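Undergrad: In numbering that gives the first Met the number 0, the protein residues as written are 0 to 266.
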Amino acid sequence: MEHAKDMYDAGYEADDFHSYMAIYKSVHGICSEQRSIIDEGADLILSSIFCALPLLREVRLSFREVLEDDDWLASDMIIEEEFYKHHLQVVSSAIHSARNVGVAIHTVSLLHFKIPYYHSWEQLNLDPLSESLRQLLGNSKVLRVRGVDERVLELLPHCVLDLRQLDMCGVVAPEKVIQDFFETNKKSIRSIGFHDVKILGLNRLDSNTPLSASMLYRMLGVPQSTLCRAADCGCLLWRKEGWRLLVGDGRSQLSTGTSAKRKYDEL
């Protein structure tokens, strides 16, 4: 409405912008669709499904771009960080309900989670999204991230979690972002898996340096003798190309000559 009014005030011809009725019909359609989701309890279906799966152990959230819509106004009305926050809350509620009836969900995977680009001068408040992430990951023991961007990782250090295991795959982020997450959760983490992880700007501003065991030792401040061995990565079903570092009492969970697969997959 405001955009059309601004164009009118600026002296544009009526044919150059959409009429009030065109805007009204578009907004009415979007609001009606959202209202029907609430009225029909569509968000509650997920809780029912999780509660009906007693052997469910892992929940994977795969993020995709918002579907293209022919409606010229719909794409401008979707605020993606709010869109993500809502769905994280729906999944969090479903996990909580399932745990209350004895479903032992211990692993959450975030796949291709990317926060939309915004300019440095924009006042974007990501605290609500960070809180939604904290609620989602609360009481989880394993977090797997694959293909997430550095801005998602920047939100995680604000969340003090009780994670035992962190797995990273296809991640590119500055050293400080990854190090801050480790520092925030170092009291609980016992196992760190990594595959195709690159550290941004280590040697020069635009460089991507593959994460190695020695770099991880330095970032965590653990001795070089800390056990690190080849391990499975979920993105490669036919061979081991990842690595797993065991810290603290995590070393006792892995015996020589045995598979890294244990409770919580690796522990």
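Glycine included, every Cβ here is placed at the ideal spot set by N, Cα and C. Everything numeric in this text was worked out from a predicted model, so none of it was measured.
Near E153, what residues of its chain come up, given a Cβ to Cβ distance below 6 Å and the 5 sequence neighbours on each side ignored?
TA: V176
Undergrad: Please report how far the alpha carbon of E57 lies from the alpha carbon of F112, in whole angstroms.
TA: 17 Å
Undergrad: Give the DSSP-derived three-state secondary structure of Q164 in the structure shown.
TA: strand
Undergrad: How would you write the range of the beta strand (DSSP E) that I198 sits in, first residue to last?
TA: Where I198 is concerned, the enclosing beta strand (DSSP E) stretches over 190–199.
Undergrad: From V151 to P53, what does the alpha carbon distance come to, in whole angstroms?
TA: 30 Å
Undergrad: Tell whether a beta-carbon distance below 8 Å holds between R59 and S108.
TA: yes
Undergrad: By DSSP, does C234 sit in helix, in strand, or in coil?
TA: Of the three classes helix, strand and coil, the one that applies to C234 here is coil, per DSSP.
Undergrad: Buried or exposed for V246, going by 16 or more other Cβ atoms inside 10 Å?
TA: With at least 16 other beta carbons inside 10 angstroms of its own, V246 counts as buried.
Undergrad: CA-CA distance, I271 and S211?
TA: This structure cannot speak to residue 271, because the chain is shown only from 0 to 266.
Undergrad: Determine the extent of the beta strand (DSSP E) in which E57 is found, giving its start and end residues.
TA: 57–61
Undergrad: Between N184 and the rest of its own chain, which residues show a CB-CB distance below 6 Å, the 5 nearest in sequence each way excluded?
TA: L160, L162
Undergrad: With distances taken from CA atoms, which of C50, K140, P222 is nearest V100?
TA: The residue with the shortest Cα to Cα distance from V100 is C50.
Undergrad: Are the C-beta atoms of I44 and some chain B residue less than 8 Å apart?
TA: Checking the listed chains, one finds no chain B in this structure; it contains a single protein chain.
Undergrad: Roughly how many angstroms lie between the CA atoms of V89 and S131, to the nearest whole one?
TA: 10 Å
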